[in-house]
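First to last, the sequence lines map onto chains A, B, C, D, E and F.
Okay, so the first sequence: first residue is 1211 according to the numbering used here, each after it adds one.
Okay, so the second sequence: first residue is 1211 according to the numbering used here, each after it adds one.
Okay, so the third sequence: first residue is 1211 according to the numbering used here, each after it adds one.
Okay, so the fourth sequence: first residue is 1211 according to the numbering used here, each after it adds one.
Okay, so the fifth sequence: first residue is 1211 according to the numbering used here, each after it adds one.
Okay, so the sixth sequence: first residue is 1211 according to the numbering used here, each after it adds one.
The C-beta atom is built at its ideal place from N, Cα and C for all residues, glycine as well.
Please read the structure below before turning to the comments.
Protein chains: 6
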Amino acid sequence: MPNNKNLNSELVPLYPLLYDEAVRRALLEDLARGDVTTDAIVSPEDTAKARILARAPGRIAGIAVASHVFHCLDPGLQLDVLVCDGNDAEANETVVSIQGAARPILTAERAALNFLAHLSGIATATRDIVALIARHPARVVCTRKTTPGLRVLEKYAVRAGGGSNHRFGLDDAVLIKDNHIVVAGGVAEAIRRVRRRAGHMVKIEVEVDTLDQLDIALNEGIDAVLLDNMPVKMLAEAVRLARKRAITEASGGITPKTAEEIAATGVDLISIGWITHSAPALNLSLDVDF
Amino acid sequence: MPNNKNLNSELVPLYPLLYDEAVRRALLEDLARGDVTTDAIVSPEDTAKARILARAPGRIAGIAVASHVFHCLDPGLQLDVLVCDGNDAEANETVVSIQGAARPILTAERAALNFLAHLSGIATATRDIVALIARHPARVVCTRKTTPGLRVLEKYAVRAGGGSNHRFGLDDAVLIKDNHIVVAGGVAEAIRRVRRRAGHMVKIEVEVDTLDQLDIALNEGIDAVLLDNMPVKMLAEAVRLARKRAITEASGGITPKTAEEIAATGVDLISIGWITHSAPALNLSLDVDF
Amino acid sequence: MPNNKNLNSELVPLYPLLYDEAVRRALLEDLARGDVTTDAIVSPEDTAKARILARAPGRIAGIAVASHVFHCLDPGLQLDVLVCDGNDAEANETVVSIQGAARPILTAERAALNFLAHLSGIATATRDIVALIARHPARVVCTRKTTPGLRVLEKYAVRAGGGSNHRFGLDDAVLIKDNHIVVAGGVAEAIRRVRRRAGHMVKIEVEVDTLDQLDIALNEGIDAVLLDNMPVKMLAEAVRLARKRAITEASGGITPKTAEEIAATGVDLISIGWITHSAPALNLSLDVDF
Amino acid sequence: MPNNKNLNSELVPLYPLLYDEAVRRALLEDLARGDVTTDAIVSPEDTAKARILARAPGRIAGIAVASHVFHCLDPGLQLDVLVCDGNDAEANETVVSIQGAARPILTAERAALNFLAHLSGIATATRDIVALIARHPARVVCTRKTTPGLRVLEKYAVRAGGGSNHRFGLDDAVLIKDNHIVVAGGVAEAIRRVRRRAGHMVKIEVEVDTLDQLDIALNEGIDAVLLDNMPVKMLAEAVRLARKRAITEASGGITPKTAEEIAATGVDLISIGWITHSAPALNLSLDVDF
Amino acid sequence: MPNNKNLNSELVPLYPLLYDEAVRRALLEDLARGDVTTDAIVSPEDTAKARILARAPGRIAGIAVASHVFHCLDPGLQLDVLVCDGNDAEANETVVSIQGAARPILTAERAALNFLAHLSGIATATRDIVALIARHPARVVCTRKTTPGLRVLEKYAVRAGGGSNHRFGLDDAVLIKDNHIVVAGGVAEAIRRVRRRAGHMVKIEVEVDTLDQLDIALNEGIDAVLLDNMPVKMLAEAVRLARKRAITEASGGITPKTAEEIAATGVDLISIGWITHSAPALNLSLDVDF
Amino acid sequence: MPNNKNLNSELVPLYPLLYDEAVRRALLEDLARGDVTTDAIVSPEDTAKARILARAPGRIAGIAVASHVFHCLDPGLQLDVLVCDGNDAEANETVVSIQGAARPILTAERAALNFLAHLSGIATATRDIVALIARHPARVVCTRKTTPGLRVLEKYAVRAGGGSNHRFGLDDAVLIKDNHIVVAGGVAEAIRRVRRRAGHMVKIEVEVDTLDQLDIALNEGIDAVLLDNMPVKMLAEAVRLARKRAITEASGGITPKTAEEIAATGVDLISIGWITHSAPALNLSLDVDF
């Protein structure tokens, strides 16, 4: 059901409290002692109009964050958003137009674009993989393989791209991975230990590599199984076995080339690390029109 | 001269003071309230041996940062570094081996790998583009298009990949860009304003798009010119004009395909944004060997 | 099954990273400009032996936090722990003995005791209510009604008292409360909106006040129901209706007097706000024995 | 003189600078990655009216802090304060009414109530003990036994309850306690050391357990004596001895039952730790009226 | 050319982001728990008019910082600036007039004046030494000998005094000092090491004590030479030798007495540490006119 | 009595917790992105011996702070302290010798010296003014006119110079100043308001300009009087009037020239702002001896 999958129209904005520190940090990192070029060339009285342009087509995410960058330097800058988060920009389309003092526009430019290009890159990569599996019910979910310090923003960008979020951290759900199974000495033992100690509001997912492990996990009554790096046929069999018993998640090196056949197995979720850790930035620029 | 270009053997480590906050932030982002999975399965008394493996070949950067992640949770963990920063790992080669309490190893795993994979990805992308132009004297330099909050680490990763660093921020050199020229009303006027105000220890670079602009800039006596998005022939002519008068830097959409012919123009520097903003993470994993 | 309920023997310690900032803040709040009394009376060379005593019997929680307070002033202080977290101290029993420089012992005393008394108070209140329902399978769980800035520590203290933790925040599980139902216009609609948007690893609990609401919620297939302020008979009926369909949680003004009859309904969880927001501090003192 | 004692009518507000960090910390602790329930159910466009109600009668403290919580998420929320800090709310009385976007009201609810309930609980406990000794001139003062990180707010809540503040930290007055006397080797020696070193604007108080110690302290000419855990008769004698020579402060396990007879001794101050460390939170709720 | 030297008329303001933390820190350092005097005497309803007066003549710097101090306590205070940064105040001239609530004016007074007096002291010292060499082309530059935590503000104050800024930190230019030369084993070797590794946008300056060292440095082709502690005659000779080959900077114990003869050598820059580390504060006061 | 006045031999060290943040801030301010000079010239393997020398005679303060700077970069550096805080260094005397890795020594040099020179400058200025009044019982005290962010350290430096500390902030004592008196409408009214509201452990001092005001203040029974800017004769009369009734403090433009005659009036305290806000830094240098 497409409605279930494409959440763009329902994208809920983040509170600035959640990214205010990241924005200040980025600005201070760039201009800790001032902008020697702009301060020499631009008078505090100069005004300008500028546009943020998409140089390549893509899904936009992070407009409010970029706006916050500009407003941290000058709350008086006026920004008009032409392409909202969760919507697509065409090549050379104006995403935001800005008006006000020229000096803070030029000084904040790079920090603002760095956020917007990074987050839009993630949203675009997510959108593209979501589109490839549109005929199937599977959702695309992201992982904890995010850029240090930016997880909340990157998870938001995935939602802007039409994807869903897996765990936000180590504390909001149980995911028993291969290394946990090694330490526990087996799938069943790991699950039992968790069941004895985990809170009642925490779901349990287990990573399995084989159908035997899957069988053990299902018999222990877990909520979800992460089917890791399985060949498509084995994956299809695993999905069949788990039907109505656990949510199924495929993971491991899934690419645009393989996504469709994986989704066709009927798996519930396709989790993809690279949409957060390796998505190329969207090409954006800021142009001053005097 | 290759010695000039490949600085790996002389890679100077960063002081932990420069990334301590980023590391704590990343850990708290991941486990603010604890690791519900590991805490349920692993006893505080359990010990383990583990290895960080390169799943794909690449240039390593960020070992000390990843170590700092582990040591923030448990200073008693023992790490042996098998592939140092600035060196190459082969596929499936062990980069670091770790020994000690199993619980902090599993809990710190993702935060540590997120740093190491991100920085090694940048180092690898840099190394590859540096290799492509090895026959020419040009250096590869990075830009300010970095991930918010990680600039110092990403600039370091570029050095680990054999590249050099351009400006660290808006405050350590003058770079007059197209938008400055628009506001100033011309190349010459922008340069003159800077010369009147900039400190004596600050170099001046100007972005030019045409040979006419280049001519104006050279006549003003600047230190470096950023030759933006020029066709190769125009670039070669620009390099010829600027010889012995200014450092020359080529920029704008330079790819592995075009790097060699651009370097062949004799340009001094090739600046590439994507080695920091769009390099895919290096594929790394942590495996527990009980 | 008592093993399921009393987790003391398996209490997992918190990483100091999770409370380091809280400890520094507490110390700076108390001695921002120094300890004018101790600095006037005690020489930096003086040494002392001291003991932290329980003045009243109680369950101990926070030893590592209190130790961290002392070590923030003087890493050379030697602490011997006689009653560990999750264990009970009798009146006048020595909990920790301390040896080293007298000055930091006296200066850190109050900040250390404030943590230890607060957390042990929570653990003691939890222990006592857990003991009252020991014959029944119900678990005691805490809520988000915690002291601002100390949630991770207070949730830990609940575990030290033998209780379990409900949600840690607004982000790790869905709990549809009365106000959400008002805004959504009904229980069913609220659940449907959540189901459309919540992640696959997030459980859904709904607060219901009547058996009709319970019926609606169970038909929507939620994971847990919070049965709020129900008379015991209605609660028993609700538990019966929800059996095998959802986890049941009783809440609302549960006191030591009413806990046993509530647990006797067979409810799975009893959630109690006052164990975190209103538990009296455990009476502790630090005595110097010269 | 009652005017001296009941300061409510003169309660001076705190500058938000003094609690801004505590508020942000509390919000981030609760919703670091967003409010999954509210974000799924409530549209950013929905508006609501809500009321904060006192569920039990009590003295209110912390309205501005709670307001700051709401405004950190949405500066556009409109709050009308019906019961100001330092005034009493009856059971089921509306303390604050709120109007604006529904989403931030629901998301900030718990963090705001946690502050308000905690501080109002302290104010209420203080008010009640102050009322019990209203016929006597003694003031109720709080101690340094406060919740880590919240001292400034808790001291303010004591003032809202009609109490006074003792020292704020280790740096604003000298209080020679039993442990200092042990280290110094006697009351007189401890006082002399302090007199030699303390600043001229710092008062000196000494804790004494016996009338002999009191005699020594008075002969050394101190400003105040803390009469610790004395039986009422001994306390009365001590107060008589110290009259016009030092301020007298009774401390040690003073309860509502014993407060009146202690105040009747004519002691100047009654210091009570539990009004800050063990006062139960005031029962408050937030109700949305659509 | 005086225009080149006196930049006051072109003084570019700092973004508040660059000093916001320093201002909050200063306020919290002064009034962490409130202002016991003002809160006792001044009602929150009292209003006042006040003036900041220069008690001695001097160059003003830091008005925006001082304003930010007041506005951190009360954004409603109205400040009228009568003497702007970079301009001179006469003795007893009103620099700023303030109107609004009396309480925050009195409480913020000291923190605001501490910034303004410190920065104006630096600006005044700079102005005075700049005036002494007005007939010569030399610029006065400051050093990294600044007060810890205030470098950006102090560098700004130097500009307000008509001086220029040398390096802001260890990262924005190369300055090879005597200790580096000792470690490298000589001037030439030190320069060569730097040339091999420094970025292309970084200028290189070398400290030399003798004409021989100068000769070596010039032959290596550096950008600037720091002529340290040279007698005036040697300095003049050094300047002659370096003409058109490197920027020349005189340093080492330059006082108002010696500045003019040093400038007369034709040296480009005179660097003076004491304008930042030892300039006496400008005498300012805040007077309330009821 | 000299013993009362010269506290050097009893100087109590500060806990690093009190200056750790200031030290990290200063280092990051100086080398946020690394030390481009040292990193190019000095190998991580190079070791060095260095000495911190007093270039001028002075009183030392801040050794532990400077050591903390070095150890923040490299905990392995070995420092031997030859002149301790509170002792005098002669010109060209070695204050500290340092041994270890050359790179962190050179990189930390300036940040460490900035602290040590600033604090030793304050200690030296204090020492000198204390010496001038050595024949009289008056103590020298500092004020709240300190450098923003460094108050705790500067107050410590005053103690190292043999001076005493007045208030640390607005919260540890009452000082009714001229502006308060203006707002209150008179000395007596201001004192009465304070007496009604101030805590019992807070002393009250009043600034008076005339003998009439003094008379009013003494009749109100205050603890101390600040005799502001009085001619010596009037001061002597004021001291006589206040004898045994209040501590007397002289303030207002006291210089080395006037200090002795002011002390001769028998005043208890001489408060001097310039020892903290305008003391010139002590001339120190760090020399590497290979």
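Report task. Taking 8 Å as the cut-off, decide whether the C-beta atoms of Ala1258 (chain C) and Val1393 (chain D) are in contact. Result -> Yes.
Query raised in the report: What residues in the segment 1229-1240 of chain B bring their beta carbon closer than 9 Å to a beta carbon of chain C?
Result: Taking 9 Å as the Cβ-Cβ cut-off against chain C, the residues of the segment 1229-1240 of chain B that qualify are Arg1234, Leu1237, Leu1238.
Query raised in the report: Identify the residues that DSSP records as bridge partners of Ile1414 (chain D): which are they?
Result: Assignment of beta-bridge partners to Ile1414 (chain D) by DSSP yields D:Val1384.
Query raised in the report: Is the beta carbon of Arg1403 (chain E) less than 8 Å from the beta carbon of Ala1250 (chain F)?
Result: Yes. Within cutoff.
Report task. Could you pull out every residue in the same chain whose Cβ sits closer than 6 Å to the Cβ of Glu1319 (chain A), ignoring the five residues on either side in sequence? Result -> So the qualifying residues of the chain are Leu1496.
Query raised in the report: With C-beta atoms as the reference, is Ala1335 (chain C) less than 8 Å away from Gly1272 (chain C)?
Result: Their beta carbons are not under 8 Å apart, which means Ala1335 (chain C) does not touch Gly1272 (chain C) by this criterion.
Query raised in the report: Taking the continuous alpha helix (DSSP H) assigned at Glu1249 (chain A), which residues delimit it?
Result: At residue 1249 (chain A) the sequence reads Asp, which differs from the Glu that was named. For Asp1249 (chain A), the enclosing alpha helix (DSSP H) begins and ends at 1246-1251.
Query raised in the report: Counting Cβ pairs closer than 8 Å, one from the segment 1413-1429 of chain B and one from the segment 1385-1400 of chain B, do we hit at least three?
Result: In short, these stretches touch, since the Cβ pair count reaches three.
**Report entry** Contacting positions in the segment 1359-1383 of chain E - beta carbon closer than 8 Å to chain B
**Finding:** Those residues of the segment 1359-1383 of chain E that come within reach of chain B (Cβ to Cβ, closer than 8 Å) are Ser1374, Asn1375, His1376, Arg1377, Phe1378, Asp1381, Asp1382, Ala1383.
Requested in this report: Name, in chain order, the residues that DSSP records as bridge partners for Arg1349 (chain B).
Outcome: Per DSSP, B:Leu1479.
Query - Residues near Arg1337 (chain E) by beta carbon distance below 6 Å, same chain, minus five either side - result: Cβ within range, chain order: Arg1269, Gly1371, Gly1372.
**Report entry** Buried or exposed by the 16-neighbour rule on C-beta atoms within 10 Å, applied to Thr1356 (chain B)
**Finding:** Counting the other CB atoms within 10 Å of its CB gives Thr1356 (chain B) a total of 16 or more, which places it among the buried residues.
Query raised in the report: In the DSSP assignment, what are the bridge partners of Leu1263 (chain A)?
Result: Bridge partners of Leu1263 (chain A): A:Thr1304, A:Ser1495.
Query - Contacting residues, own chain, Cβ-Cβ under 7 Å from Ile1528 (chain A) (five flanking each side not counted) - result: Examination of residue 1528 (chain A) is not possible in this model, given that chain A is present from 1211 through 1500 alone.
Report task. Reducing DSSP to helix, strand and coil, say where Thr1334 (chain A) ends up. Result -> In the structure shown, Thr1334 (chain A) sits in a helix (DSSP, three-state: H, G or I).
Query - Coil, strand or helix - Lys1215 (chain B) by DSSP - result: Because the pLDDT of Lys1215 (chain B) is 41, which lies under 50, any placement of that residue in the model is unreliable, and the number read from its coordinates should be weighed accordingly. Of the three classes helix, strand and coil, the one that applies to Lys1215 (chain B) here is helix, per DSSP.
Query raised in the report: CB-CB under 6 Å to Asn1213 (chain C), same chain, minus the five flanking residues each way: which ones, in chain order?
Result: Low confidence applies to Asn1213 (chain C): its pLDDT is 35, below 50, so where it sits in the model is not reliable enough to give any reading.
Query raised in the report: Okay, do the segment 1233-1243 of chain F and the segment 1296-1307 of chain E touch, 3+ Cβ pairs below 8 Å being the bar?
Result: The segment 1233-1243 of chain F is not in contact with the segment 1296-1307 of chain E.
Query raised in the report: If the cut is a Cβ gap below 7 Å, which residues of chain F does Val1222 (chain B) touch?
Result: Going along chain F in sequence order, the residues near Val1222 (chain B) (Cβ under 7 Å) are Asp1249, Pro1254.
Query raised in the report: Do Leu1421 (chain E) and Ala1448 (chain E) have their CB atoms nearer than 8 Å?
Result: Cβ atoms of Leu1421 (chain E) and Ala1448 (chain E): closer than 8 Å.
**Report entry** Span separating the alpha-carbon of Asp1256 (chain F) from that of Phe1280 (chain F)
**Finding:** If you take the alpha carbons of Asp1256 (chain F) and Phe1280 (chain F), they lie about 16 Å apart.
Requested in this report: Use the C-beta contact count for Ala1504 (chain D): other C-beta atoms within 10 angstroms, 16 or more gives buried, fewer gives exposed.
Outcome: Because chain D in this structure spans residues 1211 to 1500, residue 1504 (chain D) falls outside the shown range and cannot be described.
**Report entry** Ile1457 (chain E) - partner residues in DSSP beta bridges
**Finding:** DSSP lists E:Ala1434 as partners of Ile1457 (chain E).
Query raised in the report: Relative to the C-alpha of Ser1303 (chain E), which residue among E:Gly1331, E:Val1275, E:Ala1264 is closest?
Result: In the sequence under discussion, the amino acid at residue 1303 (chain E) is Glu, which differs from the Ser named in the question. Considering only alpha carbons, the answer is E:Ala1264.
Query raised in the report: How would you list, in chain order, the residues of chain F whose beta-carbon sits under 7 Å from the beta-carbon of Gly1310 (chain C)?
Result: Identification of chain F residues near Gly1310 (chain C) by a Cβ-Cβ cut-off of 7 Å yields none; the smallest Cβ-Cβ distance measures about 14 Å.
Query raised in the report: For Asp1438 (chain B), does the count of other Cβ atoms within 10 angstroms reach 16, so buried, or fall short, so exposed?
Result: By the 10 Å Cβ count, Asp1438 (chain B) comes out buried.
Requested in this report: Locate the alpha helix (DSSP H) running through Val1291 (chain F), then write down its first and last residues.
Outcome: Where Val1291 (chain F) is concerned, there is no enclosing alpha helix (DSSP H), although the beta strand (DSSP E) it sits in stretches over 1288-1291.
Requested in this report: Mind the definition here: the segment 1453-1466 of chain A touches the segment 1222-1232 of chain A only if three or more C-beta pairs lie below 8 Å; say whether that holds.
Outcome: Result no; under three Cβ-Cβ pairs closer than 8 Å.
Query - Bounding residues of the alpha helix (DSSP H) (the contiguous stretch that carries Pro1364 (chain C)) - result: Sequence inspection shows Glu at residue 1364 (chain C); the Pro mentioned does not correspond to that position. If you look at Glu1364 (chain C), you'll find it in the alpha helix (DSSP H) that goes 1361-1370.
Query raised in the report: At a CB-CB cut-off below 7 Å, which residues of chain D make contact with Met1444 (chain F)?
Result: Those do not exist, as Met1444 (chain F) stays about 21 Å from chain D at its closest Cβ, beyond 7 Å.
Report task. Establish whether the CB of Leu1316 (chain B) and some CB of chain A are separated by less than 8 Å. Result -> Interface residue, yes.
**Report entry** Closer than 9 Å at the beta carbon, the chain B residues around His1487 (chain A)
**Finding:** The answer, in chain order, is Asn1324, Ala1327, His1328, Gly1331, Pro1490, Ala1491.
Requested in this report: Give the residues of chain B in contact with Lys1355 (chain A), contact being defined as C-beta atoms less than 7 Å apart.
Outcome: Ordered by position in chain B, the residues that pass the 7 Å Cβ test against Lys1355 (chain A) are Asn1324.
Requested in this report: Please report the Cβ distance between Val1477 (chain D) and Ala1456 (chain D), rounded to the nearest whole angstrom; I am assuming they are in contact, meaning their Cβ atoms lie under 8 Å.
Outcome: Contact flag wrong, Cβ pair sits at about 11 Å.
Requested in this report: Could you tell me whether the Cβ of Ile1482 (chain A) comes closer than 8 Å to any Cβ of chain C?
Outcome: The C-beta of Ile1482 (chain A) comes no closer than 8 Å to any C-beta of chain C.
Requested in this report: With a cut-off of 8 Å on the beta carbons, I'd call Met1411 (chain F) and Arg1377 (chain D) a contact; round off their distance for me.
Outcome: Going by Cβ atoms, the distance from Met1411 (chain F) to Arg1377 (chain D) rounds to 6 Å, so yes, they are a contact pair.
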